[in-house]
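In the working numbering, the protein residues as written are 6 to 218.
Positions of the beta carbon are idealized from the N, C-alpha and C atoms, including for glycine.
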């Protein structure tokens, strides 16, 4: 049985594996670290779904799949920039409609993507457990951040998680999602980005969990 790490973007990959060159197979970039395959999926729900599906179709021995990257935190979450978290529930929060300033997810109007419009991940011991929202439209205003946060009660926001979890569920693969908080959601002028700290802490966690050095 094998273990595979999925990383959304090349920029994230280069911060985590600066000395490991990538190859390309027309679907995604990838590399090998010892017996672990690392796949760079591309940003967003569509890219991560294509990459994960292609990989699982061609590698039938995968037992564990990890999605690892940075994410934004909602200010009400109590999280700090630099915190590393393990995601438990991840919602397709912006798959739906807004009516009278109220957000309805697709499951509320009879067209659920999956049960409760969310996917469920296994969690990693020693990390703070959080719920997440997966979006295509990032919450770059306080109003939108509040809309997303209040809808699900999630603590963080990314662009891939729920889609990745759904693909893993279809293939009966144990899935994990680990995120390091790089910024706060909401008004872009007040997001308090700290990429350096986020990647430093994420790499330390990666070393500890997966013996990646």
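Limits of the unbroken alpha helix (DSSP H) element including residue i
i: residue 147; result: 147-157
i: residue 33; result: No alpha helix (DSSP H) holds residue 33; DSSP gives it neither H nor E.
i: residue 19; result: 15-21
i: residue 2; result: In this structure the chain extends from 6 to 218, so residue 2 is not present and cannot be described.
i: residue 211; result: 200-215
Whole-number beta carbon distance between residue j and residue i, since they are thought to touch under 8 Å
i: residue 192; j: residue 86; result: The pair is not a contact, with the Cβ atoms about 15 Å apart (cut-off 8 Å).
i: residue 8; j: residue 104; result: About 43 Å separates the two Cβ atoms, so there is no contact after all.
i: residue 53; j: residue 126; result: Rounded, the Cβ-Cβ distance is 14 Å, inconsistent with contact.
i: residue 38; j: residue 25; result: 6 Å
i: residue 5; j: residue 110; result: Any answer about residue 5 is impossible in this case: the structure gives the chain only from 6 up to 218.
i: residue 182; j: residue 189; result: Contact doesn't hold; Cβ gap of about 19 Å is too wide.
i: residue 167; j: residue 116; result: 15 Å between Cβ atoms; not a contact.
i: residue 101; j: residue 114; result: 7 Å
i: residue 141; j: residue 205; result: Actually they do not touch by this definition, with Cβ atoms about 29 Å apart.
i: residue 187; j: residue 203; result: 4 Å
i: residue 145; j: residue 153; result: That belief does not hold up - the Cβ atoms of residue 145 and residue 153 are roughly 11 Å apart, past 8 Å.
i: residue 184; j: residue 90; result: 6 Å
Span of the beta strand (DSSP E), counted from its first residue to its last, around residue i
i: residue 45; result: 41-45
i: residue 102; result: 101-104
Residues sharing a beta bridge with residue i, DSSP
i: residue 8; result: 69
i: residue 91; result: 134 and 183
i: residue 77; result: 162 and 188
i: residue 96; result: 123 and 138
Proximity test, Cβ basis, 8 Å: residue i and chain D
i: residue 27; result: Among the chains in the structure shown there is no chain D, since it carries only a single protein chain.
Stretch pair the region 18-29 + the region 137-154: three plus CB contacts closer than 8 Å: no
- prompt: How do the region 160-178 and the region 73-82 stand: do at least 3 beta-carbon pairs fall below 8 Å, yes or no?
  reply: yes
- prompt: Does the region 35-55 come close enough to the region 10-17 to have 3 or more Cβ pairs within less than 8 Å?
  reply: Enough Cβ pairs lie closer than 8 Å, so yes.
- prompt: Going along the chain, which unbroken runs of the beta strand (DSSP E) with 3 or more residues stay wholly within the region 107-184?
  reply: 107-110, 123-125, 133-139 and 161-163
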